[in-house]
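Here the structure is laid out as structure tokens; the discussion comes afterwards.
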Amino acid sequence: MARGEKHTGPARSGHQSDWQLYRRLLGYIVPYWWVFALSLVGYIVYSAGNVLLADMMQFLLDALNNSEAADSGLVSRVAYGLFYEEGMDRLEFTRIAFPLCLVVLAFTRSMGFFVGTYFMNHVARNLIHQLRCELFDKMLVAPSAYYDSHSQGVLISKITFNVEQVSGAVTKALKIIVREGLTVIALISYMLYLNWRLCLVFLAVAPLIALVVSVVGKHFRRYSRRIQASMGDVTQVSNESIGAYREVRIFGGQKQQSERFHSASDYNRAQSLKMALLDALSTPVIQTLLAVSLAVLVWFALNPKLLADFSAGSLVAFLTAAGQLGKPIRSLSGVQSIIQRGLAAAEDIFAQLDEEEEKDSGQVELERARGELSFRHVYFAYPGTDEQVLQDVCLDIPAGQTVALVGRSGSGKSTLVQLLARFYQPSAGDILLDGTPIDQYTLASLRNQVAMVSQNVTLFHDSVYSNIAYGTLAESGREAVEQALDAAYARDFIDRLPAGMDTVLGDDGGGLSGGQRQRIAIARAFLKDAPVIVLDEATSALDNESEHRIQRSLERISQGRTTIIIAHRLSTVEHADRIVVMDSGRIVASGTHAELLASDGIYAQLYHQEFTD
1 MARGEKHTGP ARSGHQSDWQ LYRRLLGYIV PYWWVFALSL VGYIVYSAGN VLLADMMQFL
61 LDALNNSEAA DSGLVSRVAY GLFYEEGMDR LEFTRIAFPL CLVVLAFTRS MGFFVGTYFM
121 NHVARNLIHQ LRCELFDKML VAPSAYYDSH SQGVLISKIT FNVEQVSGAV TKALKIIVRE
181 GLTVIALISY MLYLNWRLCL VFLAVAPLIA LVVSVVGKHF RRYSRRIQAS MGDVTQVSNE
241 SIGAYREVRI FGGQKQQSER FHSASDYNRA QSLKMALLDA LSTPVIQTLL AVSLAVLVWF
301 ALNPKLLADF SAGSLVAFLT AAGQLGKPIR SLSGVQSIIQ RGLAAAEDIF AQLDEEEEKD
361 SGQVELERAR GELSFRHVYF AYPGTDEQVL QDVCLDIPAG QTVALVGRSG SGKSTLVQLL
421 ARFYQPSAGD ILLDGTPIDQ YTLASLRNQV AMVSQNVTLF HDSVYSNIAY GTLAESGREA
481 VEQALDAAYA RDFIDRLPAG MDTVLGDDGG GLSGGQRQRI AIARAFLKDA PVIVLDEATS
541 ALDNESEHRI QRSLERISQG RTTIIIAHRL STVEHADRIV VMDSGRIVAS GTHAELLASD
601 GIYAQLYHQE FTD
């Protein structure tokens, strides 16, 4: 992890062993079991082909030596059984049969490799697609507190970097395990068939190889976790620097951001190099062990007593099979690093998938509310903290009334409306809509009653039309969208865009002014036509002329709807039916603009300060 960077890891659902994690990962293969079966058949054919290639050496050498054992091999036995006729010259027969068998074997082996590899990739890519979609969908229903405790960079890294690590564990590792594992089993079985004593001599080195793989694997897992964490930090710093490039430049923060990024990237580099060192060391160690085993094998094989029971072809076939074991064993030992990286990522992903979703205990489906709101002795502290952001808030808002919440920054205004939409649950107290506690409504039906425009406008990389007719509003129709644009006084600049409402906006509305972006967001709220409207500094980015237009529009749309306005600019709330003043999480005053000015309290101080400044 980069020095000075805070990383919040995944919530653990309990320790799981490597096998438990991998078994859960392989559970995603079940829907594609028949494709996996085809891949397995292909790799069985490929592995059998490797054995028969070694056996071909026995066929050739015994024929060249005119040995009586010329037809004792697997391939030669089939060839002699099908095509050899009594009296034929064995060498001449081998001259014709061997090339034909070699071509047929090579073609069959290649087809097995193709079928195995293609269908295994088919399974793996479907698995990764499903896993990535599940992870993304889970994030869409995660509680707000989850986003408070995880940086944006870490969450994006889960979907991109971590899932790709799992892809390696599934795509590449699974191919190696199945293909090379079957090859090893087939070759060892063939060696046991030829001479079980020599085979056991060769296998004596297996425990040492397993020890090396086990030790290296434990270190791989630890370094993989660190690499994942550091990738989250790299992504976070990148997102911040790119998204806030104007602030970085205007405040001269290039050096600071560069140092943060270099620090995060340097930590990632250091951990990656440690993993590369282990990977580079493990392979030559295993190769050396295999070479020693093969040398001992040759020494035993050349014993005259053993040679008496072995034809030259059988001996060469045995040594060829033993030599062929080197590549698959090296691949299988190297797959440990891929698996451990994937398992570390899978552990992180499954921890995310096991997170609790946003609670929705409501049973009542609300069609359309009247808009009567009541906050009764509401207390709230953000998860993980003891500080009460809201304290004993009591507030009744009749249906159709426009209420402004004002106060200094941090007084709890925005938190109050966050509770209304059930992004958080009160620590104590109740919030009622039309006389019913809001936690009795289903989340979807409750949020359908609320339209919200915040100070920080979110626009998607899509057309203007799709940004307004978003989500449940997608079927609204162009005429309704045009009316919403008119109501938000946004039609004039939209018509000047290259493709009008069909113009695709840049990231987060790039290319539009702050006021234009905010008017699109207001049009979206108008289109929703919800009985409760929350305007959180909704006019803060507008010039005076646009603000005047929006104020008239807001007054018109507020008729018959409950409207909550959160504002620092008190000039925008003078005509509210009621103004509620908050300070340190409490309601300290309430009344009309004139009444609050006359009381000479906090509101009067803020008002005079605004116009004095």
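Counted the way UniProt numbering counts, the sequence shown spans residues 1 to 613. By construction, the Cβ of each residue, glycine as well, lies at the ideal position given by its N, Cα and C atoms.
Identified DSSP bridge partners for residue i
i: D396; result: S374
i: I587; result: M582
i: L390; result: F380
i: Y465; result: None; Y465 has no bridge partner.
i: T436; result: L433
i: T160; result: According to DSSP, which records beta bridges pairwise, T160 is partnered with nothing at all.
i: A451; result: I533
i: I564; result: V403 and V534
i: M441; result: A small fix is needed here, since residue 441 is Tyr in this sequence, not Met. For Y441, which the question treats as bridged, DSSP gives the partners V364.
Bounding residues of the beta strand (DSSP E) (the contiguous stretch that carries residue i)
i: L405; result: T402 to G407
i: A428; result: A428 to L433
Beta-carbon separation (whole angstroms), residue i vs residue j, contact threshold 8 Å
i: V389; j: G585; result: 5 Å
i: M582; j: S411; result: 4 Å
i: A480; j: A523; result: Not a contact, Cβ separation roughly 10 Å.
i: M452; j: A421; result: 7 Å
i: A322; j: Q58; result: Rounded, the Cβ-Cβ distance is 14 Å, inconsistent with contact.
i: E180; j: P328; result: 4 Å
i: Y22; j: L373; result: Not quite, the Cβ-Cβ distance comes to about 51 Å (not below 8 Å), so this is no contact.
i: residue 645; j: L353; result: This structure leaves residue 645 out entirely; the chain is present only between 1 and 613.
i: Q401; j: R519; result: The Cβ separation is near 25 Å, so there is no contact.
i: D396; j: H377; result: Not quite, the Cβ-Cβ distance comes to about 12 Å (not below 8 Å), so this is no contact.
i: A521; j: V457; result: 4 Å
i: G112; j: G42; result: 5 Å
i: V184; j: L325; result: 6 Å
i: L433; j: A369; result: 6 Å
i: G371; j: T562; result: 3 Å
i: A264; j: S230; result: 6 Å
i: Y465; j: D492; result: Their Cβ separation, rounded to whole angstroms, is 16 Å, which puts Y465 and D492 out of contact at 8 Å.
Limits of the alpha helix (DSSP H) - the one that residue i falls within
i: T572; result: Neither: T572 is in no alpha helix (DSSP H) and is coded neither H nor E.
i: F423; result: Unbroken run through F423: none, as it is neither H nor E.
i: A480; result: R478 to A487
i: A598; result: H593 to S599
i: F350; result: G326 to L353
i: F493; result: R491 to D495
i: A204; result: Counting along the chain, A204 falls outside any alpha helix (DSSP H), and DSSP gives it neither H nor E.
i: E357; result: That residue, E357, is in no alpha helix (DSSP H); it is neither H nor E in DSSP.
i: Q559; result: Premise fails: Q559 is in no alpha helix (DSSP H) and is neither H nor E.
i: I176; result: A173 to L194
i: L26; result: D18 to L26
i: A145; result: S144 to S149
Any C-beta of chain B under 7 Å from that of residue i
i: F526; result: Absent from the structure is chain B; it holds one protein chain and no more.
- prompt: At what residue ranges does the stretch 501-539 contain a whole run of the alpha helix (DSSP H), taking only runs of 4 or more?
  reply: For the stretch 501-539, whole alpha helix (DSSP H) runs of length 4 or above, ordered along the chain, are 514-528.
message: Check whether the stretch 43-63 and the stretch 142-161 are in contact - that is, three or more C-beta pairs closer than 8 Å.
response: no
field: Stretch-stretch touch, CB-based, cutoff 8 Å, three pairs: the stretch 482-500 with the stretch 530-537
entry: no
Segment contact, 8 Å Cβ cut-off, at least three pairs: the stretch 189-206 with the stretch 132-141: Contact between the stretch 189-206 and the stretch 132-141 is absent, with fewer than three C-beta pairs closer than 8 Å.
task: Tell me, please, whether the stretch 35-42 touches the stretch 111-124 by the rule of three or more beta-carbon pairs shorter than 8 Å.
output: yes
field: Three-pair Cβ contact test at 8 Å for the stretch 354-372 versus the stretch 432-443
entry: yes
field: the stretch 107-121 contacting the stretch 150-166, beta-carbon criterion three pairs below 8 Å
entry: no
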